[in-house]
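S.K.: In the numbering used here, the protein residues as written are 975 to 1262.
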Ligand SMILES: C[S@@+](CC[C@H](N)C(=O)[O-])C[C@H]1O[C@@H](n2cnc3c(N)ncnc32)[C@H](O)[C@@H]1O
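1. Express the C-alpha separation of residue 1009 and residue 1180 in angstroms, rounding to a whole number.
2. For the beta strand (DSSP E) containing residue 1097, list its first residue and its last residue.
3. Is the region 1101-1117 touching the region 1160-1180 in the sense that three or more CB pairs, one from each, lie closer than 8 Å?
4. Taking just the CA atoms, how far does residue 975 sit from residue 1112?
5. So within the region 1157-1243, which uninterrupted beta strand (DSSP E) runs reach at least 3 residues, ignoring any that extend past its ends?
6. Checking the sheet assignment: what are the DSSP bridge partners for residue 1120?
7. If we ignore side chains and look at the alpha-carbon of each, how far apart do residue 1216 and residue 1261 end up?
8. Return yes when the Cβ of residue 1068 is within less than 8 Å of the Cβ of residue 1051, no when it is not.
9. What is the DSSP secondary structure of residue 1055, reduced to helix, strand or coil?
10. Per DSSP, what kind of secondary structure is residue 1145 in: helix, strand or coil?
11. Can you list the alpha helix (DSSP H) stretches of 4 or more residues lying completely in the region 982-1013, in chain order?
12. Pull up the CB-CB distance for residue 1039 and residue 1005, whole angstroms please, since I reckon it's below 8 Å.
13. Any chance you could list the alpha helix (DSSP H) runs of at least 4 consecutive residues sitting entirely within the region 1024-1089, in chain order?
14. Considering only DSSP beta bridges, list what residue 1255 is partnered with.
15. Is the beta carbon of residue 1049 sitting closer than 8 Å to the one on residue 1007?
16. What do you get for residue 1148, buried or exposed, if any count of 16 or more other CB atoms within 10 angstroms of its CB means buried?
17. Taking all protein chains shown into account, do 16 or more other C-beta atoms lie within 10 angstroms of the C-beta of residue 989, making it buried, or fewer, making it exposed?
18. What are the start and end residues of the alpha helix (DSSP H) that includes residue 1111?
19. Assign residue 1014 to buried or exposed, taking buried as 16 or more other Cβ atoms, counted over all protein chains shown, within 10 Å of its Cβ.
20. DSSP state of residue 1261, grouped into three classes?
21. Closest by CA to residue 1057, which one among 1105, 1186, 991 and 993?
22. Indicate whether residue 1242 and residue 1221 have their beta-carbon atoms separated by less than 8 Å.
23. Expressed to the nearest angstrom, what Euclidean distance is found between the alpha-carbon atoms of residue 1171 and residue 1075?
24. Going by beta carbon distance, what residues of the same chain come within less than 6 Å of residue 1150, once the five residues before and after it are set aside?
25. With DSSP as the reference, identify every bridge partner of residue 976, one or two as the case may be.
26. Using a Cβ-Cβ cutoff of less than 6 Å, which residues in the same chain neighbour residue 1258 once the five nearest sequence positions on both sides are dropped?
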């Protein structure tokens, strides 16, 4: 079988499961990963015969995809903010919306650092770090940042640690349950979190490949108290942020107004809600 013939077979296997453009993208990712070629090389080698061993690996990936397993878990990596991150079923797969949150922080901080010519390190804490994508992207892009990150999951932290090493980022990781913390040990200039925020009632809006593969503990909160993480992190941050420090959250698109009320109630000011590229209320920042 050559590459063109495999592409036809792949499309037939996944037709109806994903949009045609997504099938095309998945096919390229699969071929790139197994044949160790980049996208241009794959495109230029359409008549190249595939070896028996490569074909059996390609068939395995195709069959896992047809069972709704996310491509990122199959190939074990994903791209976030221009860097490569390892992912596995203990870590959420980083989302493009979260890249927008990271970009907001980096742009804000880079601008304010230029204005203030601040010499000391900018102290940053990422709560619920998962793969470490937020913490590592900030550490790599704000050269004067000292970044710490916490997560309740040991397995996620082990992956985050590997990701920091792989990307040569200096991040200190702690295994902590934020809901059980009474106060944060240090002062921070920036606290950021993308905590679990999907209500059980929203499960039906989610795709099968998210529901059956990504960790529930990274995604879901109860319908009765969906802002449990935001309230706790907001209260901790209010006590631990430096003067002019900022709190940034990724949020549930349906709870923007509730988030503003919550942060005002804690005492935060300069609250700014921001939409993501899909026009949904997705991020919020507030100052101490
Ligand atoms: C929505 S995921 C975000 C992961 C990553 N920051 C990202 O943006 O892709 C939420 C993360 O919070 C962690 N988490 C859940 N409950 C926690 C708790 N009580 N204390 C600390 N971390 C928690 C989960 O393990 C998961 O890694």
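Ideal Cβ placement from N, Cα and C applies to all residues, glycine included. Predicted model, so just to flag it, every value in this text is computed and none were measured.
M.R.: Quick look at the numbers:
1. 32 Å
2. 1096-1101
3. yes
4. 45 Å
5. 1162-1167 and 1215-1224
6. 1097
7. 10 Å
8. no
9. coil
10. strand
11. 994-1009
12. Not a contact, Cβ separation roughly 13 Å.
13. 1026-1040 and 1045-1049
14. 1249
15. yes
16. Residue environment analysis places residue 1148 among the exposed positions, since fewer than 16 neighbouring C-beta atoms fall within 10 angstroms of its C-beta.
17. exposed
18. Residue 1111 -> alpha helix (DSSP H) spans 1107-1115.
19. exposed
20. In the displayed model, residue 1261 falls within a strand according to three-state DSSP.
21. That would be 1105, whose Cα lies nearest to the Cα of residue 1057.
22. yes
23. 15 Å
24. 1124
25. 1023
26. 1223, 1225, 1233 and 1247
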